[in-house]
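Just below is one structure, and these are the notes that go with it.
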Amino acid sequence: MRSKEFFKFLGGKISCPKVSFILFAAVLGAIVSQCGYYAPPYSPDELAPAPVTIKEVLPSERGITFRWQAPEKDVRGKELRALKGYRIYRTEEGSVVESSFKLEGEEKEAAANKEKEKLLAFIPDTYLIALKKLRAKAKAEGKTTRTVKVPEELKTFSFTDSEVLAGRVYLYRIVPVGSADNEGPSLLAVKVEFNGRESKLSAVNLAKGSISNYKIKW
Numbered sequence: 003m004r005s006k007e008f009f010k011f012l013g014g015k016i017s018c019p020k021v022s023f024i025l026f027a028a029v030l031g032a033i034v035s036q037c038g039y040y041a042p043p044y045s046p047d048e049l050a051p052a053p054v055t056i057k058e059v060l061p062s063e064r065g066i067t068f069r070w071q072a073p074e075k076d077v078r079g080k081e082l083r084a085l086k087g088y089r090i091y092r093t094e095e096g097s098v099v100e101s102s103f104k105l106e107g108e109e110k111e112a113a114a115n116k117e118k119e120k121l122l123a124f125i126p127d128t129y130l131i132a133l134k135k136l137r138a139k140a141k142a143e144g145k146t147t148r149t150v151k152v153p154e155e156l157k158t159f160s161f162t163d164s165e166v167l168a169g170r171v172y173l174y175r176i177v178p179v180g181s182a183d184n185e186g187p188s189l190l191a192v193k194v195e196f197n198g199r200e201s202k203l204s205a206v207n208l209a210k211g212s213i214s215n216y217k218i219k220w
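According to this note's numbering, the sequence shown is numbered sequentially starting from 3.
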């Protein structure tokens, strides 16, 4: 259907062809939108969770305990829609990685003095589940859902690494994982020179920005 005929179909009168074309394009865009045609979806990495907030690191004779808070936003700064859980990684300084390579047709083993990161644990997320339940309850009671907040204790998670040895130096990362198994970024890592309660702790910046305002309770 041509734009003039379409405009007449809507019951209007055309006084300017340019105006009629603009109106036609606007109406057509609205129809296409209602029919379910949208812009290309975001990639999983664009919807990945923002970094977690590490709140506390507590060394003891039995190990090292980490407490962190769930992210509420994705990497775009929008409300987080999906969060599978958290991966805890550890690197031991001075660890050795074994690698194989071919040299002049022969396979040889080489040891590189390179840190090897180990996945210690996966902690399932329950924060978003709690948020959805609280919003459903608020909706059922006729209340607004936008102001619903999850109690702090339901946003806080913990993990204890008990497989540590005195005198060793460890580097830890706590990484949020999205629904597509995509990892969010790490803002910092925690470096631990383990010696029980006398362990030395420090934060290692993994991002380009400053972490001077990042407060961790040691």
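Note that CB positions come from ideal geometry on N, CA and C, so glycine has one too.
Review point. Of the choices VAL179, LEU208 and VAL192, whose alpha-carbon is the least far from that of ILE125?
Key: Your numbering for residue 125 matches position 123 in the sequence shown. The shortest C-alpha separation from ILE125 is found at VAL179.
Check your understanding: DSSP beta-bridge partners for ASN197?
Key -> As a first step, residue 197 must be located in the sequence shown, where it is residue number 195. The partner list for ASN197 (beta bridge, DSSP) reads ARG199.
Exercise for review: Return the chain-ordered list of same chain residues with a C-beta closer than 6 angstroms to the C-beta of ILE56, the five sequence neighbours on each side being excluded.
Suggested key: For this step, residue 56 is matched to residue 54 along the sequence shown. Excluding positions up to five away in sequence, the list reads TRP70 and ILE218.
**Study point:** Closest by C-alpha distance to ASN207, when choosing among SER188, PHE68 and SER201
**Key:** Here residue 207 corresponds to residue number 205 of the sequence shown, with the count starting at 1. A check of alpha carbon separations from ASN207 across SER188, PHE68 and SER201 identifies SER188 as the nearest.
Practice item. Work out the CA separation of TYR44 and PHE26 for me, nearest whole Å. Key: For this step, residue 26 is matched to residue 24 along the sequence shown. For this step, residue 44 is matched to residue 42 along the sequence shown. Unreliable placement is indicated for PHE26, whose pLDDT of 49 sits below 50; the coordinate value is still reported in the next sentence. Whole-angstrom Cα-Cα distance: 29 angstroms.
**Study point:** Limits of the alpha helix (DSSP H) - the one that ARG137 falls within
**Key:** Counting from one through the sequence shown, the residue named residue 137 turns up at place 135. 129 to 142 is the extent of the alpha helix (DSSP H) around ARG137.
**Study point:** Closest Cα partner of PRO51 within the set VAL177, LEU60 and ASP163
**Key:** The residue you call residue 51 lines up with position 49 of the sequence shown. The candidate whose alpha carbon is nearest that of PRO51 is VAL177.
Check your understanding: Near PRO46, what residues of its chain come up, given a Cβ to Cβ distance below 7 angstroms and the 5 sequence neighbours on each side ignored?
Key -> For the purposes of this step, residue 46 is taken as the residue at position 44 of the sequence shown. Within the same chain, and ignoring the five residues on either side of PRO46 in sequence, the residues whose Cβ sits closer than 7 angstroms to its Cβ are GLY180, ALA182 and ASN184.
Practice item. Give the single residue among TYR88, THR93 and LEU121 whose Cα lies nearest to the Cα of SER160. Key: Within the sequence shown, residue 160 is the residue found at index 158, counting from 1. Taking only the C-alpha atoms, the option nearest SER160 is TYR88.
Point to revise | Coarse secondary structure for LEU49, derived from DSSP in three states | key: By one-based count along the sequence shown, residue 49 stands at place 47. LEU49 falls in the helix class under three-state DSSP.
Check your understanding: Under 9 angstroms between the Cβ atoms of THR67 and PRO73?
Key -> Mapped onto the sequence shown, residue 67 falls at position 65. Mapped onto the sequence shown, residue 73 falls at position 71. No, these two residues do not count as a Cβ contact at 9 angstroms.
Exercise for review: Would you decide whether PRO53 is buried or exposed? Buried here means 16 or more other CB atoms lie within 10 Å of its CB.
Suggested key: Here residue 53 corresponds to residue number 51 of the sequence shown, with the count starting at 1. The C-beta of PRO53 has 16 or more other C-beta atoms within 10 Å across all chains shown, which makes the residue buried.
Practice item. Identify which residue in GLU143, VAL152 and LEU122 has its Cα closest to the Cα of LEU133. Key: The sequence position of residue 133 within the sequence shown is 131, counting from 1. Put simply, of GLU143, VAL152 and LEU122 the residue whose alpha carbon is nearest the alpha carbon of LEU133 is VAL152.
Check your understanding: Which residues in the same chain as ALA209 place their Cβ atom closer than 6 angstroms to its Cβ, once the five residues preceding and following it in sequence are excluded?
Key -> Indexing the sequence shown from 1 puts residue 209 at position 207. Sequence-distant Cβ neighbours of ALA209 in its own chain, meaning closer than 6 angstroms and more than five residues away, are LEU189.
Check your understanding: Looking at the unbroken beta strand (DSSP E) that takes in LYS120, where does it start and where does it end?
Key -> The count along the sequence shown starts at 1 and reaches residue 120 at position 118. Residues 119 to 126.
Practice item. Please go through the stretch 137 to 194 and give each complete beta strand (DSSP E) segment of 3 or more residues, from N-terminal end onward. Key: Entirely contained in the stretch 137 to 194, the beta strand (DSSP E) runs reaching 3 residues are, in chain order, 158 to 163 and 171 to 179.
Review point. What are the partner residues of VAL77, as DSSP defines its beta bridges?
Key: As a working mapping, residue 77 is identified with position 75 in the sequence shown. According to DSSP, residue pairing for VAL77 in a beta bridge does not occur.
Review point. Cβ of ILE218 versus every heavy atom of the ligand FMN: is any distance shorter than 8 angstroms?
Key: Of ligands this structure carries none, so the ligand FMN is not represented either.
Check your understanding: Cα separation between ASN115 and THR93?
Key -> The residue given as residue 115 occupies position 113 in the sequence shown. The residue given as residue 93 occupies position 91 in the sequence shown. Unreliable placement is indicated for ASN115, whose pLDDT of 37 sits below 50; the coordinate value is still reported in the next sentence. Going from the Cα of ASN115 to the Cα of THR93 covers about 13 angstroms.
Point to revise | Buried/exposed call for LYS135, threshold 16 Cβ in 10 Å | key: Start at 1 with the first residue of the sequence shown, and residue 135 comes out as number 133. Under this definition LYS135 is an exposed residue.
Review point. For ALA191, is the classification buried or exposed, using 16 other Cβ atoms within 10 angstroms of its Cβ as the cut-off for buried?
Key: Walking along the sequence shown from the start, residue 191 turns up at place 189. Residue burial is scored here from C-beta neighbours: ALA191 has at least 16 other C-beta atoms within 10 angstroms and is therefore classed as buried.
Point to revise | Range covered by the beta strand (DSSP E) that runs through PRO61 | key: Here residue 61 refers to the residue found at position 59 of the sequence shown. Per DSSP, PRO61 belongs to the beta strand (DSSP E) from 55 to 62.
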